[in-house]
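J.:
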Ligand code: DX5
Ligand code: ZN
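In our numbering, the protein residues as written are 987 to 1208.
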């Protein structure tokens, strides 16, 4: 599989100049922009919400791949739609009714996604697989950038790839956490077609973004 999308996580960007950072990763070859929203309650860290996303939206035409690590989700869905999110991904544990939440996201015109924590089994997607456009496998515990890839998630990626093939729907299988030029090819071999990377994209500063993104893509052999 060579058509792998790279979705840099702006969690590792310079927050003092987020708009410029998004333009830089866009120009450097990002396929999507991964936006981590944290509430200090569902995960032990805080980032930003819809007003910031709305201001960032004009800085790129690439899809905003918004990963919600907040609970509850439902009261904020319309605000994320208005702010310009394209894909809105939620954790089942954010509760209380995953199916209702996915339907509510779809009703706004956004694409719904479901995110699985490292300890959340692949089977949780079975009852909702027809209702999602993305499955996000967390290969670290959510909350922080710069953590190490959890190996056991490769097997879960394989299981989810098989479920997606069986379902026959065009669902993005994305992996998030600890991706770098060593772990990304292994996740791709296991079946993902989208890679989130924060520290591996932003390391070294703006002049390295393009090479950093390229280093995460599969090598194309003649
Ligand atoms: C963690 C976030 C990730 C994070 C990844 O909760 O969901 O998107 O930014 O950071 P790296 O690529 O540094 O592991
Ligand atoms: Zn994320």
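Glycine is no exception: its CB is placed at the ideal position from the N, C-alpha and C atoms.
For the beta strand (DSSP E) containing residue 993, name the first residue and the last one.
T.: Unbroken beta strand (DSSP E) run through residue 993: 991-994.
J.: Distance, Cα to Cα, residue 1010 vs residue 1002?
T.: Between residue 1010 and residue 1002, the C-alpha separation is close to 14 Å.
J.: Report all residues from its chain with a CB closer than 8 Å to the CB of residue 1033; omit the five preceding and five following residues, and keep chain order.
T.: Within the same chain, residue 1033 has close Cβ partners 997, 1022, 1023 and 1024.
J.: Considering only DSSP beta bridges, list what residue 1098 is partnered with.
T.: Looking at the DSSP assignment, residue 1098 forms a beta bridge with 1074.
J.: When the Cα of residue 1018 is compared with those of 1110, 1178, 1073 and 1132, which residue comes out closest?
T.: Answer by Cα proximity: 1073.
J.: Among the residues of its own chain, which have a CB less than 8 Å from the CB of residue 1088, if the five just before and after it don't count?
T.: Result list for residue 1088: 1076, 1098, 1100, 1114, 1117 and 1118, in chain order.
J.: Rounded C-beta distance between residue 1146 and residue 1180? I'm assuming under 8 Å.
T.: With 8 Å as the limit, residue 1146 and residue 1180 do not qualify as a contact, their Cβ atoms being about 12 Å apart.
J.: Going by the C-beta, is residue 939 closer than 8 Å to any heavy atom of the ligand DX5?
T.: The first residue shown for the chain is 987 and the last is 1208, placing residue 939 beyond what the model contains.
J.: In chain order, what residues of the same chain have a beta carbon less than 7 Å from the beta carbon of residue 1095, not counting five sequence neighbours either side?
T.: These residues qualify, in order along the chain: 1067.
J.: Once DSSP output is grouped into helix, strand and coil, what is the label at residue 1109?
T.: Note: residue 1109 maps to helix in three-state DSSP.
J.: In chain order, what residues of the same chain have a beta carbon less than 7 Å from the beta carbon of residue 1170, not counting five sequence neighbours either side?
T.: For residue 1170, where only same-chain residues beyond five positions count, the Cβ hits under 7 Å are 1181 and 1202.
J.: Does the beta-carbon distance from residue 1104 to residue 1124 come in below 9 Å?
T.: Contact: yes.
J.: Report the rounded CA-to-CA distance for residue 992 versus residue 1048, giving the unit in angstroms.
T.: Taking the straight line from one Cα to the other gives about 11 Å.
J.: When you compare each of 1079, 1086, 1046 and 1044 to residue 1063 by their alpha carbons, which one comes out closest?
T.: Of the candidates 1079, 1086, 1046 and 1044, the one whose C-alpha sits nearest the C-alpha of residue 1063 is 1086.
J.: Which ranges does the alpha helix (DSSP H) cover as unbroken runs of at least 4 residues, wholly within the segment 1032-1060, from first to last along the chain?
T.: With a minimum length of 4 residues, the continuous alpha helix (DSSP H) runs that stay inside the segment 1032-1060 are 1036-1042.
J.: Report yes if the C-beta of residue 1077 is less than 8 Å from at least one heavy atom of the ligand GDP; otherwise report no.
T.: Because the ligand GDP does not appear in the structure shown, any question about it cannot be addressed here, the ligands present being the ligand DX5 and the ligand ZN.
J.: Can you tell which of 994, 1142, 1000 and 1200 has the C-alpha that lies nearest to the C-alpha of residue 1167?
T.: When only C-alpha atoms are compared, the closest one is 1200.
J.: With DSSP as the reference, identify every bridge partner of residue 1180, one or two as the case may be.
T.: Paired residue(s): 991 and 1160.
J.: Find out if the Cβ-Cβ distance for the pair residue 1135, residue 1177 is shorter than 9 Å.
T.: Not closer than 9 Å, so no.
J.: Mind pulling the beta strand (DSSP E) runs of 3 or more residues that sit fully within the segment 1129-1174?
T.: List check, beta strand (DSSP E) in window: 1158-1162.
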